[in-house]
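Enquirer:
If you want it as structure tokens, here you go:
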């Protein structure tokens, strides 16, 4: 019986040493990202861009509505060629509006990525700095379910 106990202690002892050496931390990167002070300015810039887009879209909609109203009022008074021309104008406005909205959406996404990239880099550098300073082996991100930082000395078994 004593022999089994000694073997068990010898088997568990290395696990205790490994557990003492492994320092693991947990973070929520979304929560940390939301606390970044730069986000206020970024949100303001994105809102300004979206307001400009909304203003331009409203102008295109007004132009479309005006042409459509003109077209509907004059269907009996004008020749077929004029009606075809007005239909073509309305179709061109619709196409311009759709292209404008697609381009605007892409512009906002590109601007958002451009503005957020430095903040994301800053967060990654901060996580790495804390990991190195506190000698963590791993920092796990609860938001993404992934490893946010791993020490160069970390070994995978």
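Numbering (the numbering used here), first residue to last: 198 to 354. Glycine is no exception: its CB is placed at the ideal position from the N, C-alpha and C atoms.
So residue 348 and residue 226 are supposed to be a Cβ contact under 8 Å. How far apart are they, rounded?
Expert: Contact flag wrong, Cβ pair sits at about 18 Å.
Enquirer: Sorted by chain position, which residues of the same chain lie with C-beta nearer than 8 Å to residue 261's C-beta, five sequence neighbours on each side aside?
Expert: For residue 261, where only same-chain residues beyond five positions count, the Cβ hits under 8 Å are 287, 290, 291, 294.
Enquirer: For residue 334, which residues of its own chain have a beta-carbon under 8 Å away from its beta-carbon, when the five flanking residues on both sides are left out?
Expert: Around residue 334: 218, 219, 220, 221, 347, 348, 350, 351.
Enquirer: When you compare only the Cα positions, how much space is there between residue 311 and residue 317?
Expert: Whole-angstrom Cα-Cα distance: 11 Å.
Enquirer: For residue 223, write down the residues that DSSP places opposite it in a beta bridge.
Expert: BP columns for residue 223 point to 337.
Enquirer: Looking at the structure shown, is residue 316 part of a helix, part of a strand, or coil, going by DSSP?
Expert: Correct three-state label for residue 316: helix.
Enquirer: Would you check whether the ligand ATP has a heavy atom nearer than 7 Å to the C-beta of residue 274?
Expert: Because no ligand of any kind appears in the structure shown, any question about the ligand ATP cannot be addressed here.
Enquirer: Spell out a yes or no on whether the region 267–287 and the region 230–250 are touching, meaning 3 or more CB-CB pairs, one atom from each, closer than 8 Å.
Expert: Judged by Cβ distances under 8 Å, the region 267–287 makes no contact with the region 230–250, as fewer than three pairs qualify.
Enquirer: Kindly indicate which residue of 314, 249, 235, 273 has the alpha-carbon position closest to the one of residue 301.
Expert: Of the candidates 314, 249, 235, 273, the one whose C-alpha sits nearest the C-alpha of residue 301 is 249.
Enquirer: To which residues of the same chain is residue 305 closer than 8 Å at the C-beta, ignoring the five residues directly before and after it?
Expert: Result list for residue 305: 243, 246, 247, 250, in chain order.
Enquirer: Which partner residues does residue 263 have in the DSSP bridge list?
Expert: Answer is none; residue 263 lacks a bridge partner.
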